[in-house]
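See below for the structure under consideration.
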Amino acid sequence: QQVGQDPACGAGEERTPQLSWDNLPAGTRSLALIMFDPDGGKGVGVVHWVAYNIDPEQDGLKEGMAGLSGPYVTVGRNSRGTQSYRGPCPPAGDNPHHYALTLIATDLPLGTLPEGLDRSGLLQLLQGHALGAQSLVGRYGH
């Protein structure tokens, strides 16, 4: 699905998308989110967002709510090494990029995962604790 133009692209005002979920697997104690662009970084991929320690009792996240760590989410490190959300904004002239947003249900109690994890660190700690995952893929280009 083509994602509409992000008015914050290049403006430094990137806001996390509004998300909602339901029908989580039985035994879900926390959630994690990863937004990954496999087309970025000259084909190596770019991590735009790592978020975890999300309370499954919430039925989603409001727009702009999860760009930084707070009471409802711990934000990990993106490909730039910053603990923040990095919105979709491929270089001008590139083919449209694909952005995979993956929600992972875990059996880990809230607050178990430490601050500052990157994508690979999070996935390593989720080994044996993931109950299920679903992905949504959007395309965006200039």
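In the numbering used here, the protein residues as written are 103 to 244.
Each residue gets a CB set at the ideal place from its N, CA and C atoms; glycine is no exception.
query: Quick one: grab the DSSP three-state call for R221.; result: helix
query: Answer yes or no: does any C-beta atom of chain C fall closer than 8 Å to that of Q236?; result: Absence of chain C from the displayed structure is noted, only one protein chain being present.
query: Can you give me the start and stop residues for the beta strand (DSSP E) that R241 sits inside?; result: A232 to Y242
query: Should T184 go down as buried or exposed, given a rule of 16 or more other Cβ atoms within 10 Å for buried?; result: exposed
query: Quick check on L228: does DSSP put it in helix, strand or coil?; result: helix
query: Could you compute how far the alpha carbon of Q104 sits from the alpha carbon of A194?; result: Low per-residue confidence applies at Q104: pLDDT is 46, beneath 50, and the placement is therefore not dependable enough to give any value.
query: Below 8 Å, can you find three or more Cβ-Cβ pairs linking the segment 146–162 to the segment 230–241?; result: no
query: In this structure, how does DSSP classify G143 when only helix, strand and coil are distinguished?; result: helix
query: P190: buried (16+ other C-beta within 10 angstroms of its C-beta) or exposed?; result: buried
query: Have a look at P198, R221, S222 and L228 and flag the residue whose alpha-carbon is nearest the alpha-carbon of P211.; result: L228
query: Would you decide whether L124 is buried or exposed? Buried here means 16 or more other CB atoms lie within 10 Å of its CB.; result: One point to set straight first is that residue 124 is Asp, not Leu, in the sequence displayed. Exposed, because fewer than 16 other Cβ atoms sit within 10 Å of the Cβ of D124.
query: Can you tell me where the beta strand (DSSP E) with A153 in it begins and where it stops?; result: V148 to I156
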